[in-house]
Structure formats: structure tokens, C-alpha cells
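Q: Once you've had a glance at the structure underneath, I'll fire off some questions.
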Amino acid sequence: MTRYWNISVAGVALRKRVMRGLSSRPASIAIYLFVMWGLIELALTGAEAMGYNWQWYRIPKYFLTSDADGITLGEIPWGLAGTITLSTLAFGLALAIGLLVALLRLSDLIVGRAVARGFLEIVRNMPLLVLLYVFYYVFGPIFGLDRYAASVLCLAVFHGALISEIFRGGINAVARGQWEAAKSIGMTTAQIYRYIILPQSIKFMLPPMTGEVVNMIKSSAIVSVIAVVELTTVGRNIISDTYLSFEIWFTIAAVYMAVTLVISSLASYLERRYTVRE
């Protein structure tokens with residue numbers, strides 16, 4: 112019996128050492144590189160089987176071109192600038208919508224809670240593409256919205272519904288005693304939210320909010336279906352002119368990945384800094 116017990120203990124210890132080794136940074140990097148190599152190799156093998164002629168040498172000019180007049184930005188950086196601008200405007204508006212909806216859901220107003228609940232159910236259960244068509248083809252003619260305004264409002268409403276749940280979760284995560292202490296010294300509800308609740312809820316909201324920023328960047332690609340100028344639209348236009356399908360889409364995907372990785376790294380830095388201050 113002792114022998115089997117020793118074998119079992121040794122097996123558990125071995126599994127723990129293996130798991131620690133796999134979760135270490137060098138192992139994680141190695142696994143990531145191996146997976147990426149496998150995906151790239153799979154794509155290259157498939158393209159080779161199709162007889163595809165790779166023309167990567169034509170890609171740099173879509174980033175930068177240099178001539179006698181100097182350096183000129185290509186289509187891809189301008190498309191990226193369009194994506195960032197569109198996403199920033201939509202996310203700022205989505206924050207306002209999300210906070211308003213969250214406060215309505217947490218209020219004592221029955222009508223306010225009903226309106227917020229109805230808004231959430233409609234938006235969350237509607238595909239983003241359908242919502243975009245509603246804003247552009249229905250609300251656009253009614254309210255005089257151009258395609259860019261319709262895109263910003265669509266993204267803001269869609270992500271505002273999701274952000275409202277992040278706000279609500281962060282506010283509810285603050286201890287109830289904070290409310291009671293603030294009310295005991297005569298603070299109004301608005302003052303409690305502004306000075307007590309919202310500042311403390313940041314640490315709870317930062318990780319999921321980072322995910323929403325990343326999702327906003329990726330969701331912005333859908334506005335290419337109504338020809339709003341952004342990164343995906345630029346990629347589609349280049350492909351229609353050059354037929355470099357693989358090269359362009361791989362490049363566009365790499366640009367999106369680079370942007371989202373930068374955002375995630377910045378959010379991780381802010382989260383660590385905020386935690387240290389705590």
C-alpha cells in the first residue's frame with residue numbers, strides 16, 4: 112500500500128512540475144511560436160497546393176513609399192488611422208451610453224429600469240451587421256445620418272449595451288458599507304457615485320473594459336460593408352486592384368493584432384500601476 116501511495120504522490124508532484132514548466136514565460140513563448148509556425152506552415156502549404164504565386168515584395172509600398180519628394184504614407188497607415196479614429200469616437204460615446212444604462216438599471220425608477228432592460232435585450236440579441244443596416248438604411252434617411260455617423264452610432268450603441276454590464280458589475284462590486292457611510296455624512300447619490308463608488312470600481316472594470324476596447328477595434332471592421340474608409344475597407348480595395356488576397360489579408364490581420372496587443376499591454380501596465388497604488 113505504501114508503495115502505491117509513493118507512486119501516486121510522485122505522479123502528482125511530476126504533474127505539478129510539468130504544469131509549472133508549461134506555464135512559465137519561456138514555455139509560453141515557445142508554445143506560441145510553435146502554434147504560429149504551424150498556422151503559417153499550413154497556410155503556405157495550402158497556397159502552394161493551389162499554385163498561388165506569393166508577391167510579398169509588393170506589400171511595403173502600401174505602408175510607405177519614398178521618392179524625390181520624400182516619404183509618403185501608403186493606404187494601410189491611412190486605413191489604420193481611420194479605424195482608430197472611428198473606434199475612439201464610438202468607444203467614447205459607448206462609455207456615456209453604458210454608464211447611463213447602468214445607472215438606470217441600478218436606480219429606483221421602475222420606468223428607468225424597464226427602459227434600460229428593454230434596450231439591453233434588443234441590442235444584445237441583434238447581430239451587429241443587422242444593427243448596422245438598421246442605423247444606415249432605416250435611421251440614416253430618417254435622421255439624415257451619413258454612413259460615418261451611422262457607423263459611429265451603431266458601434267456605440269452595440270458596445271454601450273455591453274459596457275453597461277461592466278459598469279453595473281463594477282459598481283455592485285463595491286462594498287455596500289461604502290454607500291451607507293457616504294449617506295451617513297449627507298452625500299447625495301450623485302456625489303456618492305462621483306467621489307466614492309466609481310473611483311473604487313475602476314479596478315474591477317479595467318480588465319473587462321480592456322476587452323471591450325479590443326472588441327471595438329475588431330468590430331469596426333464590419334463598417335466596411337457600407338464603404339466607410341477604415342483598415343478593412345482599404346484592404347478590400349487593394350485586393351480588388353491587385354488580387355493579392357493572401358498577402359493583404361495576412362498583413363491586415365497582423366496590423367489588427369499589433370494594435371490589440373499594444374492596447375492589452377497598456378491596460379496591463381495601468382492595472383499593475385493601479386494595484387500598486389492600492
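In terms of our numbering, the sequence shown is numbered consecutively and its last residue is 389. All residues carry an ideal CB built from backbone N, CA and C; glycine is no exception.
For a quick check, are the C-beta atoms of I328 and R258 less than 9 angstroms apart?
A: no
Q: Taking DSSP as the reference, what is the three-state secondary structure of I296?
A: coil
Q: How would you call M147, buried or exposed, if buried means at least 16 neighbouring beta carbons within 10 angstroms?
A: exposed
Q: Suppose the cutoff is 6 angstroms on Cβ atoms and the five residues either side in sequence are ignored; what does the same chain contact list for F278 look like?
A: G209, L210, A213
Q: Just curious, the beta strand (DSSP E) that D178 is in, first and last residue?
A: 175-178
Q: Cα separation between I142 and L155?
A: 20 angstroms
Q: Excluding five sequence neighbours on each side, which residues of the same chain lie with their C-beta closer than 6 angstroms to the C-beta of L215?
A: Hits under 6 angstroms: G223, A227.
Q: Considering only residues of the same chain and omitting the five flanking positions on each side of V325, which have a CB-CB separation below 7 angstroms?
A: Closer than 7 angstroms at Cβ, skipping near neighbours: T371, I374, S375.
Q: Just the Cα atoms here: how many angstroms apart are I282 and Q289?
A: 11 angstroms
Q: Determine, using beta carbons only, whether F246 and A272 come nearer to each other than 9 angstroms.
A: With respect to the 9 angstroms criterion, F246 and A272 are not classified as neighbours on the basis of their beta carbons.
Q: What does the Cβ neighbour count give for T183, buried or exposed, with the cut at 16 atoms within 10 Å?
A: exposed
Q: Compute the Euclidean distance between the alpha carbons of P319 and D352, then round it to the nearest angstrom.
A: 39 angstroms
Q: How is I208 classed by DSSP in three states: helix, strand or coil?
A: helix
Q: In three-state DSSP terms, what is W116?
A: Note that W116 has pLDDT 48, beneath the 50 cutoff, so the model's placement of it is unreliable and the number below is only indicative. Looking at W116 - three-state DSSP - the assignment turns out to be helix.
Q: Ignore the nearest five residues each way along the sequence and tell me which others in L144's own chain have a CB closer than 7 angstroms to its CB.
A: Around L144, the same chain offers no residue with a beta carbon nearer than 7 angstroms, after the five sequence neighbours per side are excluded.
Q: In the DSSP output, what is G181 paired with across the bridge?
A: D178
Q: Which term fits Y304, buried or exposed, when burial requires 16 or more other beta carbons within 10 angstroms of its beta carbon?
A: buried
Q: For V339, does the three-state DSSP call read helix, strand or coil?
A: DSSP places V339 in coil when its eight states are reduced to three.
Q: Report the rounded CA-to-CA distance for P188 versus A332, giving the unit in angstroms.
A: 15 angstroms
Q: For S150, count the other beta carbons within 10 Å of its own beta carbon; 16 or more makes it buried, fewer makes it exposed. Which is it?
A: What sits at residue 150 in the sequence shown is Leu, not Ser. Exposed: under 16 other Cβ atoms inside 10 Å.
Q: To which residues of the same chain is W167 closer than 7 angstroms at the C-beta, ignoring the five residues directly before and after it?
A: Hits under 7 angstroms: E358.
Q: For the alpha helix (DSSP H) containing G251, name the first residue and the last one.
A: 251-254
Q: May I ask which residues mark the beginning and end of the alpha helix (DSSP H) holding S312?
A: 309-330
Q: Where does N283 fall in DSSP's three states?
A: helix
Q: Should G185 and E341 be called a contact, given that it needs their Cβ atoms to be closer than 9 angstroms?
A: no
Q: For W116, which residues in the same chain have their Cβ closer than 8 angstroms to its Cβ, ignoring the five residues on either side in sequence?
A: At W116, the pLDDT of 48 sits below 50, so the modelled position is not reliable; the number obtained from the coordinates is stated separately. Excluding sequence neighbours, W116 sits near nothing in its chain.
Q: Measuring straight from C-alpha to C-alpha, what distance separates W165 and Y173?
A: 16 angstroms
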